[in-house]
Amino acid sequence: MSNPLSNEEKEKTKAWAEMYAQGASLGKLSVMINVPISTIRYRLHKMGVLRTLSEANKLSFALGRDRGIGRKCPPRRPESLEKYRIAAQKRWKDKQVRGTRITSQGYVEFTTGEHKGKMVHRVLIENLLGRKLSTTEVVHHLNENKTDNRIENLKLINPSKHRLIHLQSLELERDSRGRIKNTRRTNAESM
């Protein structure tokens with residue numbers, strides 16, 4: 029059972045509501061009047077003047093206080109943003125389209141839409157052929173760059189041929205017992 033507020037506490041709460049209406053945040057109010065944020069929030073909620081989260085974010089942005097949720101650094105200047113954009117383009121030559129990601133194996137995968145979860149190179153070949161690929165068909169990247177999904181770089185082959193292509197690019201050294209000692213990649217053009 030909550031205790032009713034005294035007249036003095038009601039007056040304080042009205043003063044808090046006025047400061048809050050003028051744009052003060054709950055955190056600023058808490059520091060100014062040395063009262064926990066939870067108490068201020070509770071009383072403003074009871075009065076019906078508590079902002080919604082979206083209203084609070086809009087006000088914060090309008091007052092220039094918005095730095096993003098959980099962000100610790102100041103906003104970047106436009107010229108430094110351009111520098112980061114160019115660096116990102118260099119990291120991945122094929123511009124990353126919204127709705128794709130690079131998998132842990134290095135292939136580009138759709139993350140949204142009707143092809144969600146499918147590899148981009150398989151979808152491109154399916155569209156080119158006008159049919160779905162079977163599980164016994166492999167799409168090989170001719171230049172071995174898994175993010176290079178240009179049609180001219182893709183070739184449809186069977187799994188055994190695909191294994192053979194990649195085994196030929198390995199130089200195998202065997203010891204006296206016939207075991208493989210180490211492997212080295214040879215030139216990709218020798219395929």
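Counting from 1, position 47 in the sequence shown corresponds to residue 75 in my numbering; the numbering is continuous, with no gaps. We put the CB at the ideal spot given by N, CA and C, even for glycine.
- Rounded to whole angstroms, the separation of the alpha carbons of residue 161 and residue 145 is 15 Å.
- Secondary structure at residue 191: helix, using DSSP grouped into helix, strand and coil.
- Per DSSP, reduced to three states, the secondary structure at residue 63 is coil, with no helix or strand assignment.
- Given a length threshold of 3 residues, each whole run of the beta strand (DSSP E) inside the stretch 130-190 is given here in chain order: 136-138, 166-169 and 182-185.
- Sequence-distant Cβ neighbours of residue 154 in its own chain, meaning closer than 8 Å and more than five residues away, are 160 and 161.
- Note: residue 128 is bridge-paired with 138 in the DSSP secondary-structure output.
- Between residue 89 and residue 64, the alpha-carbon positions lie close to 24 Å from each other.
- Measuring C-alpha to C-alpha distances from residue 174 to each of 34, 184, 135 and 91 identifies 135 as the nearest.
- According to the DSSP assignment, residue 84 belongs to the alpha helix (DSSP H) that extends over 81-90.
- Listed as beta-bridge partners of residue 69 by DSSP are no residues whatsoever.
- Around the C-beta of residue 140, fewer than 16 other C-beta atoms lie within 10 Å, and the residue is accordingly described as exposed.
- Straight through space, the alpha carbons of residue 42 and residue 57 are spaced by roughly 13 Å.
- Between residue 190 and residue 168, the C-beta spacing is below 8 Å.
- Counting C-beta atoms within 10 angstroms of its own C-beta, residue 68 has 16 or more neighbours from the protein chains shown and is therefore classed as buried.
- Counting along the chain, the unbroken alpha helix (DSSP H) around residue 45 starts and ends at 35-49.
- For residue 39 and residue 127, the gap between their C-alpha atoms comes out near 53 Å.
- About 13 Å separates the CB atoms of residue 79 and residue 91; that is not less than 8 Å, and the two are not in contact.
- Taking residue 51 as the centre and dropping the five residues before and after it, the same chain places the C-beta of 87 and 91 closer than 8 Å to its C-beta, in chain order.
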